[in-house]
Amino acid sequence: MFRRAFLFLAVAAVFFSLGVLARPTLSRLKQQVRTPPPADFQVFDLTHYTAKRSHFATLRETRQVVLLGDSRVAFAEWSELLERSDTSNRGISGDTTSGVLRRLPASVPTSGVLCVIQVGVNDLILGGSVEQVVANYRRIVDYLRQEKNARVVITSVIPASEEQPELNRAVHECNQQLVQLAAASGAQWLDLGPSLSPEGFLRPEFRSDAVHLNGDGYLRLRDVLAPLLQP
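Residue 85 in my numbering sits at position 82 of the sequence shown, with consecutive numbering throughout.
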């Protein structure tokens, strides 16, 4: 019995040291940022990003609706949430606009799909500029429309809680420019602000922490997104 208990504790210690059992804080996540060339590429966890990107590349085919983005996309069960089986979740927790840009061929190998984009808050958390976020969005949309003949829906970047006023100001500025980008590029714009953040911050009833949606938040998001996904 003692040997079994000791073995369990030893294995648990190994997994904890690898981060499997640990629940990282925002400060710890920032310490995990990797910035390989080019210098403007950064994500919260390069190992996780690389694994997911590789996984997406092996799937070879996407369904009719592709959801691209960070954890706000990755954490949802979209097929069940939208009650349709033709969705592909291509979200990666901790991703950024530069991360999405680098993995577009792996994430969207099929032409003629509908792509919904929700990404950008991590760029701003990591100190990226609004200008760089918008520039990356432009390149993402251009690739999807020109190379993949995709219909693109840009959803407004969802802000954080009221305790993050500086971040939320940057999100607001970013969205002001993204709505112009959508109009100029032929993408559709979906403003999530009235539904999730009418006061300029993510309302408490729709979040599980400072930045992530909870179940009710995803239901509210579904209600405004689903009508745009019709043929």
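C-beta atoms are modelled at their ideal positions from N, C-alpha and C, and glycine is treated no differently.
Quick one: give me the first and last residue of the beta strand (DSSP E) that residue i is part of.
| i | result |
| --- | --- |
| Q191 | Q191 to L193 |
| L117 | L117 to Q121 |
| G203 | Per DSSP, G203 belongs to no beta strand (DSSP E) and is neither H nor E. |
| L71 | V68 to G72 |
My guess is that residue i and residue j are in contact by the Cβ rule of under 8 Å, so how many angstroms apart are they, rounded?
| i | j | result |
| --- | --- | --- |
| T100 | I143 | 7 Å |
| V116 | Q149 | Their Cβ separation, rounded to whole angstroms, is 14 Å, which puts V116 and Q149 out of contact at 8 Å. |
| F209 | R223 | 6 Å |
| H51 | G97 | 7 Å |
| L85 | L232 | 7 Å |
| V3 | A79 | The requested residue 3 is not part of the displayed model; the chain covers only 4 to 234. |
| L199 | G218 | Actually they do not touch by this definition, with Cβ atoms about 13 Å apart. |
Please state if the CB of residue j and the CB of residue i are separated by a distance shorter than 7 Å.
| i | j | result |
| --- | --- | --- |
| L205 | P168 | no |
| I157 | L181 | yes |
| L71 | R93 | yes |
| D73 | V122 | yes |
| V214 | V160 | no |
| V119 | S91 | no |
| G102 | V46 | yes |
Please report the distance separating the alpha-carbon of residue i from that of residue j.
| i | j | result |
| --- | --- | --- |
| R56 | V76 | 15 Å |
| L184 | N139 | 11 Å |
| A186 | S110 | 24 Å |
| L228 | L193 | 8 Å |
| S82 | E165 | 31 Å |
| R141 | Q135 | 10 Å |
| G203 | L49 | 31 Å |
| L127 | F44 | 13 Å |
| D89 | T65 | 9 Å |
| S211 | A54 | 26 Å |
| Q191 | A153 | 11 Å |
| K151 | D145 | 9 Å |
| L147 | R105 | 13 Å |
| P234 | R87 | 13 Å |
| R63 | I95 | 17 Å |
| T61 | L216 | 29 Å |
| P197 | H175 | 13 Å |
| G131 | N171 | 14 Å |
| P201 | L195 | 9 Å |
| C177 | P207 | 22 Å |
State the DSSP-derived secondary structure class of residue i, mapped to helix, strand or coil.
| i | result |
| --- | --- |
| S96 | coil |
| S132 | coil |
| V155 | strand |
| T53 | helix |
| R210 | strand |
| S82 | helix |
| S277 | Beyond the ends of the chain as shown, which are 4 and 234, falls residue 277; an answer cannot be given. |
| T61 | helix |
| L228 | helix |
| V160 | coil |
| P234 | coil |
Got a sec: is the Cβ-Cβ distance from residue i to anything in chain D below 7 Å?
| i | result |
| --- | --- |
| F47 | Looking for chain D here will not work: only one protein chain is present. |
Let's see if you can read the secondary structure: which residues bound the alpha helix (DSSP H) around residue i?
| i | result |
| --- | --- |
| N217 | N217 -> no alpha helix (DSSP H), and no H or E assigned at all. |
| S110 | L107 to S110 |
| R172 | P168 to S188 |
| P197 | G196 to L199 |
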